[in-house]
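Asker: The numbering used here applies: residue 3 is where the first sequence begins, and numbers increase by one. Even glycine gets a Cβ: it sits at the ideal position worked out from N, Cα and C.
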Amino acid sequence: MPELPEVQTVVNELKTSVTFQWIKSVDVLRESIVVNRIKEFRKNVRSRQIKAVQRIGKYIVFTLDDKLWMVAHLKMTGKFIVKNKNTTRHAHDRVVFQLGTNNKLIFNDSRCFGRIELTTDLHNLPGIKKLGWDPWDDNLTPENFKRKIEHRKIPIKTLLLDQTIISGIGNIYASEILFDSMLNPTTSAQVLTKKQISRLISSTRSILRSALKYNGTSISDYRRVDEKKGSFQNFLKVYGKSERLCPICESNIVKIRQSQRSTFYCPNCQQ
DNA sequence: AGCGGAACCTGTCGGC
DNA sequence: TGCCGACAGGTTCCGC
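1) What's the gap between the Cα of F99 and the Cα of S204?
2) Going by C-alpha to C-alpha distance, which of L247, I179 and L238 sits closest to L162?
3) Grouping DSSP H, G and I as helix and E and B as strand, with all else coil, what is H94?
4) Three-state secondary structure (DSSP) at I203?
5) Using DSSP with H/G/I as helix, E/B as strand and the rest coil, what is N110?
6) Do N236 and L247 have their CB atoms nearer than 8 angstroms?
7) Which first and last residues belong to the alpha helix (DSSP H) in which L161 is found?
8) Cα-Cα, which of N270, E33 and R50 is closest to S27?
9) On the CB-based measure, 16 or more other CB atoms within 10 Å of its CB, does D140 come out buried or exposed?
10) Would you mind sorting F43 into buried or exposed? The rule is 16 or more other CB atoms within 10 Å of its CB.
11) Measuring CA to CA, which of L214, D29, A191 and S212 is closest to D164?
12) Would you kindly work out how many angstroms separate the C-alpha atoms of K17 and T188, rounded to a whole number?
13) Per DSSP, what are the beta-bridge partners of V37 in this structure?
14) Kindly identify the DSSP beta-bridge partner or partners of Q192.
15) Given a threshold of 16 other Cβ atoms within 10 Å of its Cβ, counted over all protein chains shown, does N126 qualify as buried or as exposed?
16) My understanding is that N36 touches V97, with C-beta atoms under 8 angstroms, so please give their C-beta distance in whole angstroms.
17) Closer than 8 angstroms is the cut-off here; do at least three beta carbon pairs connect the stretch 119-137 with the stretch 79-90?
18) What first and last residue would you give for the beta strand (DSSP E) that runs through S264?
19) Could you tell me if I108 is buried or exposed, where buried requires 16 or more neighbouring beta carbons within 10 angstroms of its beta carbon?
20) Quick one: what does DSSP say H125 is sitting in, helix, strand or coil?
21) Please go through the same chain and pick out, in chain order, the residues whose beta-carbon is closer than 7 angstroms to the beta-carbon of I199, but skip the five residues on each side of it.
22) For W24, which residues from the same chain have a beta carbon less than 6 angstroms from its beta carbon, with the 5 sequence-adjacent residues on both sides left out?
23) Please state the DSSP three-state secondary structure of Q165.
24) From which residue to which residue does the beta strand (DSSP E) around I250 run?
25) Straight-line CA distance for S264 to I258?
26) On a CA-only basis, which of K77, Y61 and T79 is nearest W71? Give me that one, please.
27) Starting from S61, follow the beta strand (DSSP E) in both directions and report where the run begins and ends.
28) Taking C271 as the reference, which of Q260, Q262 and V256 has the closest Cα?
29) Could you check if V282 is buried or exposed, using at least 16 other CB atoms within 10 Å of its CB as the buried criterion?
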């Protein structure tokens with residue numbers, strides 16, 4: 003499900019629904035979701051107050067104390083849902099936090115790729131430590147970007163999925179961003195000109211900002227904290243549109259396979 | 001170091 | 001109807 007716009011939507015909604023709430027207890031229904039030893043996790047989360055919620059890359063970070071954070075990653079199908087505490091258990095509920103109010107915070111994940119980890123050293127968590135620029139980082143300039151990728155031979159589409167370069171882009175928005183910047187997804191990263199990179203960066207920002215405005219893209223699994231859908235799926239121009247027509251030139255959108263993921267693009271507009 | 005492919009786990013959909 | 005393979009908003013690990 004989740005790329006930056008989806009994760010940021012969830013974080014925004016968690017901020018209003020669970021900040022300052024106390025965690026009374028935790029039920030771990032699927033142990034593989036929790037990275038820490040379960041006993042230790044339950045003990046250290048119990049009786050903590052959620053002081054803040056933030057997004058770092060595609061990670062959701064709950065601040066529980068000065069030196070204690072609960073870090074979650076939704077991977078493909080993870081969701082955070084807030085419901086009344088009397089709600090019955092639902093299929094794929096994996097971790098349930100009983101809150102001090104009438105609510106519970108549920109981590110639901112059909113595929114069980116998602117992870118929740120308690121840490122005392124947030125910025126040295128392996129996943130977080132390696133993250134590249136946030137899309138809106140002032141240091142993400144065409145010059146810096148070019149320098150960072152000038153020895154990378156992989157296709158630009160594949161490079162956009164590399165969280166150690168820019169963090170937050172996933173498979174849907176990579177295709178949309180490349181269409182918006184009129185770049186061919188198969189182009190080797192190292193041959194891009196400064197001008198093309200400049201376009202790529204502004205498209206990245208505008209596509210992600212727009213997707214965030216519509217609360218993300220709900221094609222199949224992704225849901226908001228209140229289980230509503232995002233609506234950016236109504237504005238996708240190429241992702242999932244193979245055999246449909248390009249909105250600019252009306253030639254056929256094509257689907258190809260790059261490093262085991264689908265890519266959609268217009269071979270005519272994206273040279 | 002960088003790259004491609006397998007692995008993690010579960011559900012759905014299309015073809016035969 | 002039923003089975004089987006392909007595929008799914010992600011990341012990590014392994015071998016070359």
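Answerer: By the coordinates alone:
1) Straight-line spacing of the CA atoms in F99 and S204 works out to 39 angstroms.
2) Nearest C-alpha to L162: I179.
3) H94 sits in coil when the DSSP states are folded into three classes, being neither helix nor strand.
4) Looking at I203 - three-state DSSP - the assignment turns out to be helix.
5) In the displayed model, N110 falls within a strand according to three-state DSSP.
6) Their beta carbons are not under 8 angstroms apart, which means N236 does not touch L247 by this criterion.
7) Element bounds for L161: I158 to L162.
8) When each option's Cα is compared against that of S27, the closest is R50.
9) Exposed.
10) The residue in question, F43, is buried, as its Cβ has 16 or more Cβ neighbours within 10 Å.
11) Of L214, D29, A191 and S212, the residue nearest in Cα terms is A191.
12) Here the alpha carbons of T188 and K17 stand approximately 39 angstroms from one another.
13) Beta-bridge partners of V37 (DSSP): none assigned.
14) DSSP links Q192 through a beta bridge to no other residue.
15) N126 comes out exposed.
16) Before going on, a small fix: residue 36 reads as Val here, not Asn. Between V36 and V97 the beta-carbon gap is near 7 angstroms, inside 8 angstroms, which marks them as a contact.
17) Touching, no.
18) Per DSSP, the continuous beta strand (DSSP E) segment holding S264 begins and ends at R263 to Y267.
19) If you draw a 10 Å sphere on the C-beta of I108, you find 16 or more other C-beta atoms in it, and that means buried.
20) DSSP places H125 in helix when its eight states are reduced to three.
21) Within the same chain, I199 has close Cβ partners P144, F147 and K148.
22) Same-chain partners within the cutoff: Q51 and G102.
23) In this structure, Q165 counts as coil in the three-state DSSP scheme.
24) It is not in any beta strand (DSSP E) - I250 carries neither H nor E in the DSSP assignment.
25) In this structure, the alpha-carbon of S264 lies about 6 angstroms from that of I258.
26) Here the closest residue by C-alpha is Y61.
27) Note that residue 61 is Tyr in the sequence shown, not Ser. Counting along the chain, the beta strand (DSSP E) containing Y61 begins and ends at Y61 to D67.
28) Of the listed residues, the one whose Cα sits closest to C271 is V256.
29) With the chain covering 3 to 273 only, the question about residue 282 has no answer from this structure.
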